[in-house]
Amino acid sequence: GEDVEQSLFLSVREGDSSVINCTYTDSSSTYLYWYKQEPGAGLQLLTYIFSNMDMKQDQRLTVLLNKKDKHLSLRIADTQTGDSAIYFCAVKTSYDKVIFGPGTSLSVIP
Amino acid sequence: DAGITQSPRHKVTETGTPVTLRCHQTENHRYMYWYRQDPGHGLRLIHYSYGVKDTDKGEVSDGYSVSRSKTEDFLLTLESATSSQTSVYFCAISESGAGGNTDTQYFGPGTRLTVL
């Protein structure tokens, strides 16, 4: 079946850029999402990209999509301690199901 | 923030007892979902609903049942709780689940369930 994979942990220094990576298996995916989960809270949508786009930028966030390699990344510029959270990649498959990755826990070191 | 509440927020129960978790929305969204979140597994879909009295199974539905008698409420029931059902449960809603739209899901705050 469809699968979404992410590395589980990432640690960066405050002020550096963070890059969180995601790979998926369904080449016919339509929408790809990044959600953020802060401690003790539910997930919140950060941004999404449609499959016919290569890049989307939204303030400090840049999403890159490589459809050939089925690779999605989220870059956070000038990472702050408030960015410490779990980041989930999710993919809307050709069957209209949304599959979530396991989440990447981002730790920002002051 | 989308108007989604979950109750209770925390519950401790014993193996073999029935448990019902409630999700309530004020957005009038058609789709509602129940997920469980476990370390290393991310979110796994338990059941979802695409309308009043219309529900379907997700990938980890065994041991769970759901009901949706009103648009705003989606109940998740563990008929006989087991320790493997200790988890954090999230409800989510979306306007539409299909048809070429973004299908953005909005999540509730979660319910932490411990089965002893």
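Line by line, the protein sequences are chains A and B.
The first sequence: position 95 = 95 (the numbering used here), numbered continuously.
Converting from the second sequence to the numbering used here requires adding 1000 to each position, the first position being numbered 1.
Note that the Cβ used here is the ideal one computed from N, Cα and C, for glycine as well.
Note that the structure is predicted; figures quoted are calculated from it, not measured.
According to DSSP, is residue i helix, strand or coil?
i                 : result
GLY1063 (chain B) : coil
ASP1073 (chain B) : strand
TRP34 (chain A)   : strand
GLY1099 (chain B) : For GLY1099 (chain B), the predicted model reports a pLDDT of 45, less than 50, meaning its position is unreliable; a value from the coordinates is still stated below. Correct three-state label for GLY1099 (chain B): coil.
GLY1003 (chain B) : coil
ASP83 (chain A)   : helix
GLN57 (chain A)   : strand
Give the straight-line distance between the Cα atoms of residue i and residue j, rounded to the nearest whole angstrom.
i                 : j                 : result
ARG1030 (chain B) : GLY1110 (chain B) : 20 angstroms
THR1026 (chain B) : HIS1041 (chain B) : 29 angstroms
LYS1057 (chain B) : LYS1070 (chain B) : 19 angstroms
ARG13 (chain A)   : ARG75 (chain A)   : 14 angstroms
LEU43 (chain A)   : GLY1003 (chain B) : 14 angstroms
SER1087 (chain B) : GLU1059 (chain B) : 16 angstroms
THR30 (chain A)   : VAL1012 (chain B) : 40 angstroms
LEU1076 (chain B) : ALA41 (chain A)   : 19 angstroms
ILE1093 (chain B) : SER1049 (chain B) : 9 angstroms
Using CA atoms only, rank isn't needed, just tell me which of the options is closest to residue i.
i                 : options                                    : result
THR81 (chain A)   : A:VAL108, A:MET53, A:SER29                 : A:VAL108
GLU1014 (chain B) : B:SER1096, B:LEU1078, B:TYR1106, B:GLY1108 : B:LEU1078
ASP96 (chain A)   : B:GLN1105, B:TYR1089, B:VAL1052            : B:GLN1105
THR1054 (chain B) : B:LEU1045, B:SER1067, B:SER1061            : In the sequence as displayed, the identity of residue 1054 (chain B) is Asp instead of Thr. When each option's Cα is compared against that of ASP1054 (chain B), the closest is B:SER1067.
LEU106 (chain A)  : A:SER28, A:THR23, A:ALA41, A:GLN37         : A:GLN37
CYS89 (chain A)   : A:ALA77, A:VAL63, A:GLN57, A:ASP78         : A:VAL63
ASP1103 (chain B) : A:SER94, A:GLY103, A:ASN21                 : A:SER94
Among residues of its own chain, excluding the 5 on either side of residue i, which ones have a beta-carbon nearer than 6 angstroms to its beta-carbon?
i                 : result
LYS67 (chain A)   : none
THR1017 (chain B) : ALA1081
ASP1073 (chain B) : HIS1024
HIS71 (chain A)   : THR23
THR1114 (chain B) : VAL1012, THR1086
Keeping to the same chain, check which residues put their C-beta closer than 7 angstroms to that of residue i; ignore five residues upstream and five downstream.
i                 : result
SER1061 (chain B) : ILE1046, HIS1047
Is the number of C-beta pairs between the region 1032-1047 of chain B and the region 50-57 of chain A that are closer than 8 angstroms three or more? no
Is it true that the region 85-105 of chain A meets the region 1001-1010 of chain B, where meeting means three or more beta-carbon pairs spaced less than 8 angstroms apart? no
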